[in-house]
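Notes to accompany the following structure.
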Amino acid sequence: MIGDDVMKIVIGGVHLGIGLKEHIRKYLLKKGYEVLDFGAADMEHDLSYVDLADRVAQTVQSGKAKRGILFCGTGMGMNITANKHKGIYSAVVESVFAAHECREINNANILCMGGRIVGPGMAEAIVDAFLTTEFGGGIPEYEKVLSDFLKEMDAMEGRNFR
Numbered sequence: 001m002i003g004d005d006v007m008k009i010v011i012g013g014v015h016l017g018i019g020l021k022e023h024i025r026k027y028l029l030k031k032g033y034e035v036l037d038f039g040a041a042d043m044e045h046d047l048s049y050v051d052l053a054d055r056v057a058q059t060v061q062s063g064k065a066k067r068g069i070l071f072c073g074t075g076m077g078m079n080i081t082a083n084k085h086k087g088i089y090s091a092v093v094e095s096v097f098a099a100h101e102c103r104e105i106n107n108a109n110i111l112c113m114g115g116r117i118v119g120p121g122m123a124e125a126i127v128d129a130f131l132t133t134e135f136g137g138g139i140p141e142y143e144k145v146l147s148d149f150l151k152e153m154d155a156m157e158g159r160n161f162r
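Here the sequence shown stands for residues 1 to 162, numbered as in my numbering.
Structure (structure tokens):
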């Protein structure tokens with residue numbers, strides 16, 4: 001992760017995910033990622049998960065960060081909000097396998113985790129899988145199905161996100 005190859009990650013967390021967010025922020029910095037942190041600074045200064053997910057999604061959507069990671073109690077509220085943005089594919093992930101699959105098959109660009117669900121060690125492994133797995137175009141035996149699916153998703157976004 002040196003020079004121009006440094007991946008920029010935007011993160012954010014509300015009070016229920018602040019401990020996990022802080023752990024992952026430090027972990028990402030230690031691994032050499034550039035980190036934009038839009039999350040709450042402490043338990044006393046909570047933010048709206050809707051506003052925070054919106055800001056992180058817009059940052060990924062604009063290309064100012066390659067990927068985003070959001071933290072709340074379960075990851076679900078953040079996920080719902082992030083997915084309201086055109087070109088954002090957010091996933092709630094609780095396992096390394098799911099992190100790998102959401103990238104390789106679904107090309108997810110925002111990861112959501114729950115501070116009440118995922119422990120720090122598992123979160124590190126999930127983040128590693130999410131950040132190092134490239135989109136593989138889907139499952140080879142389902143390539144045509146996936147291609148059609150992605151076209152349908154693009155068309156749906158065109159209709160629904162004006």
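Idealized CB from N, CA, C, for every residue including glycine. Since we're looking at a predicted model, the values are computed, not measured.
| Contiguous beta strand (DSSP E) assignments of at least 3 residues, all confined to the segment 17-88 | With a minimum length of 3 residues, the continuous beta strand (DSSP E) runs that stay inside the segment 17-88 are 34-37, 67-72.
| Just how far apart, CA to CA, sit residue 19 and residue 123? | One C-alpha to the other measures close to 11 Å.
| request: Would you mind working out which of 65, 24, 110 sits nearest residue 120, comparing C-alpha positions? | output: When only C-alpha atoms are compared, the closest one is 24.
| request: Report the rounded CA-to-CA distance for residue 52 versus residue 39, giving the unit in angstroms. | output: Cα-Cα distance, rounded: 7 Å.
| said: Can you find the residues in the same chain that come closer than 8 Å, C-beta to C-beta, to residue 1, ignoring five residues on each side of it along the sequence? | reply: Model confidence at residue 1 stands at a pLDDT of 45, short of 50, so the residue's coordinates are unreliable; what they give is reported in the following sentence. Once the five neighbours on either side are set aside, the close Cβ partners of residue 1 are 7, 31, 32, 33.
| task | Pull up the DSSP beta-bridge partners for residue 91, would you. | result | DSSP, once it has assigned bridges, lists 111 as partnering residue 91.
| Between residue 94 and residue 117, is the Cβ-Cβ spacing less than 8 Å? | Yes, these two residues count as a Cβ contact at 8 Å.
| request: Report yes if the CB atom of residue 10 is closer than 8 Å to the CB atom of residue 56, and no otherwise. | output: Residue 56 is positioned such that its CB atom lies closer than 8 Å to that of residue 10.
| query | Taking the DSSP output, what are the residues bridged to residue 121? | reply | DSSP links residue 121 through a beta bridge to no other residue.
| query | Does the Cβ of residue 29 have 16 or more other Cβ atoms within 10 Å, making it buried, or fewer, making it exposed? | reply | Taking every protein chain shown into account, the CB of residue 29 has fewer than 16 other CB atoms within 10 angstroms, so this residue is exposed.
| query | Applying the criterion that 16 or more other CB atoms from any shown protein chain within 10 Å of the CB defines a buried residue, is residue 108 buried or exposed? | reply | With 16 or more other Cβ atoms within 10 Å, it is buried.
| query | Hey, out of 70, 61, 152, 36, whose CA is closest to residue 126's CA? | reply | Here the closest residue by C-alpha is 70.
| query | Roughly how far, in whole angstroms, is the beta-carbon of residue 130 from the beta-carbon of residue 99, given that I think they are within contact range, below 8 Å? | reply | Taking C-beta atoms under 8 Å as the contact rule, residue 130 and residue 99 qualify, at a distance of about 4 Å.
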